[in-house]
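First up is the structure itself, then whatever we jot down about it.
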Amino acid sequence: SMDFWQLDKWSGFFPVKWHIVKDIPNSQLRHILLENNENRPVTYTRDTQEVGLKQGLDMLKIFKNYLAKTSLVDDFEFYEAREKALQNKRSSKSGVHQTHTYGNGIVPKQLEMELKGEEGGESQVLAVSGLADLTKKLSIDSGPEVAL
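Counting along the sequence shown from 1, when you hit position 48 you're at 48 in full-length UniProt numbering, and nothing is skipped either side.
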């Protein structure tokens, strides 16, 4: 039986534009309860859970006024280093791909060769920046507008 699929047809859309990344502890939002989720806290919901207007406005007010001491962006360097270690481990097991690090980004040897070009006898290599560098440039504290 396929009775678990919702048969309602939804139409329309609304644009979402993200401007700020904040790490707000669940404890700041736990008091907001959702009637349509057995009066559980909003922190207990899953993605795409419908949130009422009042609860949504309460969440936005907390989001706007909360002074974040940490940021999701702070952890990117850790995850990049972990990803690099995993890639190196995988490549050493297979022995197929060699990787070299440029800045904070990892460029496979084959891609490195494609990025190099001979112009006037000098080798030019595309500078590759890591996700952490890019994200820091886009962060709130980065100062004036950044061109990508």
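Yeah, the Cβ is synthetic: ideal placement off N, Cα and C, and Gly gets one too.
{"Item": "Reduced DSSP category for Arg82 - H, G, I as helix; E, B as strand; rest coil", "Value": "helix"}
{"Item": "Rounded C-alpha distance that separates Ser94 from Glu77", "Value": "26 Å"}
{"Item": "Pro41 - partner residues in DSSP beta bridges", "Value": "Leu33"}
{"Item": "Asp47 versus Leu33: straight-line alpha-carbon distance, rounded", "Value": "16 Å"}
{"Item": "Beta-carbon separation (whole angstroms), Asn39 vs Thr45, contact threshold 8 Å", "Value": "Not quite, the Cβ-Cβ distance comes to about 12 Å (not below 8 Å), so this is no contact."}
{"Item": "Helix, strand or coil at Asp23 [DSSP, three-state]", "Value": "coil"}
{"Item": "Neighbourhood of Val51 by C-beta, 8 Å cutoff - its chain only, sequence neighbours within 5 removed", "Value": "Leu34, Val42, Thr45 and Met59"}
{"Item": "For Ala85 and Trp18, the rounded distance between their alpha carbons", "Value": "31 Å"}
{"Item": "Cβ distance (whole Å) where Ala68 is taken to contact Asp23 below 8 Å", "Value": "6 Å"}
{"Item": "For Gly56 and Thr70, the rounded distance between their alpha carbons", "Value": "23 Å"}
{"Item": "For Ser92, the three-state DSSP class (helix, strand or coil)", "Value": "helix"}
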